[in-house]
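Quick mapping for you: the protein sequence lines, in order, are chains F and A. First residue of the first sequence: 3, per the numbering used here; consecutive thereafter. First residue of the second sequence: 1451, per the numbering used here; consecutive thereafter. Before any comments, here is the structure.
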Amino acid sequence: MAQTAIELVGVNKWYGTFHVLKDIDLSIQTGEKVVICGPSGSGKSTVVRCINRLEEHQKGTIRVDGVELTNDPKSVATIRSEVGMVFQQFNLFPHLSVLENLTLGPIKARGLSRSEAEQKAMHYLERVHIPDQAKKRPGQLSGGQQQRVAIARSLCMEPKVLLFDEPTSALDPEMISEVLDVMVELADEGMTMVVVTHEMGFARKVADNMVFMDAGEIVEQGPPEEFFGSPRSPRCQKFLSQILQH
Amino acid sequence: MKKWIFLTLPLVLLAGCSSSSTWGWYVINPMTDTGWINIKFLISGMGDTIAISLIAALISILLGLVVALPGLSNKRGWRWVNRIYVEFIRSIPLLPMLFWVFYGLPIIFREMGLNIPIDPFWGAIITLALSDSAFTAEIYRAGIQSIAKGQTEAAQTIGLNYIQTMRYVILPQAIRRILPPLANQFIYIVKMSAFASVIGMQELTRRANELVVTEYRPLEIYTLLIFEYLVLVLIISAGVRWLERRMGADERS
Ligand SMILES: Nc1ncnc2c1ncn2[C@@H]1O[C@H](COP(=O)(O)OP(=O)(O)OP(=O)(O)O)[C@@H](O)[C@H]1O
Ligand SMILES: [Mg+2]
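As structure tokens, then:
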């Protein structure tokens, strides 16, 4: 039986007077892969950042694994331990080696010993196909390698859900596929994923549910065959025709 | 190289002037017994000047961090605490603050039933540390703010709490930007420590004043005083450059 991993009900958020999220309803089952797309400024990042409390919503409820997100530091800590995040700009720690980037969370937040943490780190570096880069600094790696380190860093915390906010948008074209390949492998292994991306090939391949946002609203959502085959709303049709042109 | 001309010029004067009647370099001529005694008297203030400056700088470095952190909060109330402290402390001239701490603070302590005497040594340290902390706080704040927001967010998403995020992610990166201006502040503290002379601390400046009163040779004695500070500051600058080079090398490895 499918279990609800993340649930957003009537979520609203304002930046000052600017209404950035309008009545967002979204339900994500364990193991489900959700791809969010939409024009720039539509609120995609904001939704994802609300899910792990990098931003606060002002109205509605967000539940992660049954725990409601409130200002209670305990609920924030619970959510952070279950939800990993991969950023567009990688956000690796430049002063630490790749290995130290991966072990910092497990050692400091989880209380693992150094050797346990390093073992885990090497395991996940192998999963993203760069075990040989462990001793380098992030600055010495290519963009694609850095993003894969960032994915491994999230995996080291063994999250139940992984959020991706445009993970390939800062990459040179020739490096996009090496990151997407890793993400497809993760999807195949059953990870629950929420991915903001414009990579529609990837979306077709892995998405269980496509979500289209515009101006702070979820305009349309559904399985990819329907979504790409016969989008109902004109806004979604227009967006897809633009993005699929090239 | 200009520095060297500057340095050697008075030495030349010094060497040739023991017999001159217009100059009075004999008062600090190391070849004569009294000159040597005078020099030793002046230079022995070095210990107190260094001790006051070092302790004040250490306190200011810690206090500045404590003051800077609320300034980085996203809660307006905390930012206010930071702003009020910085603006208030920064607006007080050093000498009035020194008088207030040395003559005023003990009265407050007495009223509170506390027996905490403030001697010139600690009076000077408290004043210098307080006054400087407003500046070090601003240095920390700017240095920490210059580290991208993404670093804090990444640290949060791997479960680090506030203190761990500062300790392992933000400060190690900010320190490269913080250190050079902090070193400048240390130079400022060394120079401002001269004010301790007015509350009776026998550091470099006080000793020079005392010798001027007995020898009446202000030009020669104050010239030496200036060079004492110059040497101190040059040593600090060299130390800072060494540290920066080391950290720069660290970065690349
Ligand atoms: N901190 C903020 N303060 C004020 N407005 C903000 C803030 N962050 C985002 N916004 C605004 O909220 C809107 C939604 O932003 P968001 O980053 O969620 O969009 P997005 O869909 O991710 O766009 P993009 O594709 O450009 O990343 C935008 O109009 C943005 O300008
Ligand atoms: Mg975005």
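C-beta atoms are modelled at their ideal positions from N, C-alpha and C, and glycine is treated no differently. Predicted model only: the values in this text are computed from it and were never measured.
Excluding the five sequence neighbours on either side, which residues of its own chain have a C-beta within less than 8 Å of the C-beta of residue i, listed in chain order?
i	result
Val-1536(A)	Val-1517, Gly-1521, Ala-1584, Ala-1587, Glu-1588
Ser-1703(A)	Residue placement at Ser-1703(A) cannot be trusted, given a pLDDT of 40 that sits under 50; what the coordinates show is reported in the next sentence. So no residue of the chain qualifies.
Ser-1470(A)	Low local confidence applies: a pLDDT of 48 at Ser-1470(A) is under 50, so the model's placement there is unreliable, and no value is given.
Arg-1533(A)	Gly-1521
Gln-1595(A)	Leu-1522
Leu-1545(A)	Phe-1645, Val-1648
Thr-63(F)	Glu-9, Leu-10, Val-11, Gly-12, Val-13, Glu-70, Leu-71
Pro-108(F)	Leu-114, Glu-118, Ala-119, Lys-122, Ala-123, Cys-158, Met-159
Asp-25(F)	Gly-12, Val-13, Asn-14, Gly-62, Glu-219
Asn-93(F)	Ala-152
Here's a check: name, in chain order, each residue in its chain whose Cβ is nearer than 7 Å to the Cβ of residue i, leaving out the five neighbours to either side.
i	result
Val-85(F)	Ile-53, Asn-54, Val-66, Pro-161, Val-163, Leu-165
Cys-1467(A)	Because the pLDDT at Cys-1467(A) is just 49, under 50, the model does not fix this residue reliably, and the point stays unresolved.
Gly-1485(A)	Tyr-1476, Val-1477, Ile-1478, Asn-1479
Arg-1657(A)	Phe-1491, Leu-1492, Gly-1495
Asp-216(F)	Gly-40, Pro-41, Ser-44, Arg-237
Leu-246(F)	Met-202
Gln-1652(A)	Gly-1495, Asp-1498
Arg-1529(A)	Pro-1520, Gly-1521, Ser-1523
Val-22(F)	Lys-15, Trp-16, Gly-45, Thr-48, Gly-218
Met-1642(A)	Leu-1544, Leu-1578
Pro-226(F)	Ala-205, Arg-206, Ala-209, Met-212
Helix, strand or coil for residue i, going by three-state DSSP, please let me know.
i	result
Gln-31(F)	strand
Ile-38(F)	strand
Val-1477(A)	helix
Leu-101(F)	helix
Met-1547(A)	helix
Met-177(F)	helix
Arg-206(F)	helix
Lys-1641(A)	helix
Glu-1678(A)	helix
Glu-128(F)	helix
Thr-1482(A)	coil
Asn-73(F)	coil
Thr-1499(A)	helix
Asp-216(F)	strand
Lys-61(F)	strand
Gly-141(F)	helix
Glu-1660(A)	helix
Met-1697(A)	helix
Gln-247(F)	coil
Leu-1564(A)	coil
Pro-91(F)	The amino acid occupying residue 91(F) in the given sequence is Gln; Pro does not appear at that position. Gln-91(F) falls in the coil class under three-state DSSP.
Thr-1577(A)	helix
Thr-80(F)	helix
Cys-1467(A)	Since pLDDT at Cys-1467(A) reaches only 49, below the 50 mark, its modelled position is unreliable, and the value read off the structure follows with that caveat. Coil, per DSSP.
Thr-1615(A)	helix
Thr-199(F)	coil
Thr-1(F)	The structure shown does not extend to residue 1(F), since chain F is modelled only from 3 to 248, so the question has no answer here.
Ser-1703(A)	Annotation note: pLDDT 40 at Ser-1703(A) (below 50); position unreliable, coordinate value reported separately. Residue state, collapsed to three classes: coil.
Thr-194(F)	strand
Met-185(F)	helix
Ala-1584(A)	helix
By DSSP's criteria, residue i is part of a beta bridge. Which residues make up the other side?
i	result
Cys-238(F)	None, per the DSSP bridge assignment.
Leu-23(F)	Lys-15(F)
Gly-86(F)	Leu-164(F)
Lys-122(F)	Per DSSP, none; premise fails for Lys-122(F).
Leu-10(F)	Leu-28(F), Ile-64(F)
Gln-223(F)	Val-213(F)
Arg-49(F)	Correcting the residue type first, residue 49(F) is Val in the shown sequence and not Arg. Partner(s): none; Val-49(F) has no beta bridge.
Keeping to the same chain, check which residues put their C-beta closer than 6 Å to that of residue i; ignore five residues upstream and five downstream.
i	result
Leu-1575(A)	It is worth fixing the name first, because residue 1575(A) is Ile in this sequence and not Leu. Taken in chain order, the residues that qualify are Ile-1502, Ile-1505, Ala-1506.
Leu-28(F)	Leu-10
Val-1640(A)	Ser-1503, Leu-1682
Leu-1515(A)	Tyr-1590
Gly-43(F)	none
**Q.** Near-chain F residues of the region 1514-1530 of chain A (beta-carbon distance less than 8 Å), N- to C-terminal order
**A.** none
Q: Closer than 5 Å is what we want: which residues have a beta carbon that near any heavy atom of ligand 1? List them in chain order.
A: Tyr-17(F), Val-22(F), Ser-42(F), Gly-43(F), Ser-44(F), Gly-45(F), Lys-46(F), Ser-47(F), Thr-48(F)
Q. Mind listing which residues of the region 1588-1617 of chain A have their C-beta closer than 7 Å to chain F's C-betas, in chain order?
A. Gly-1600, Gln-1601, Glu-1603, Ala-1604, Gln-1606, Thr-1607, Ile-1608, Gly-1609, Leu-1610, Gln-1614
(Q) What are the residues in the region 110-122 of chain F lying within 8 Å of chain A by C-beta distance? (A) Lys-110, Ala-111, Arg-112
Q: May I ask you to list, following chain order, the residues of the region 29-63 of chain F that have a beta carbon less than 9 Å from some beta carbon of chain A?
A: Arg-51, Asn-54, Arg-55, Leu-56
**Q.** chain F contacts made by the region 1617-1650 of chain A, where a contact means CB separation under 7 Å
**A.** Tyr-1618, Val-1619, Pro-1622, Gln-1623
Q. Taking any Cβ of chain A, which residues in the region 65-90 of chain F have a Cβ under 8 Å from it, in chain order?
A. Ala-79, Arg-82, Ser-83, Val-85, Gly-86, Met-87, Phe-89
Q. For the region 129-155 of chain F, which residues have a CB atom closer than 7 Å to at least one CB atom of chain A, in sequence order?
A. Arg-155
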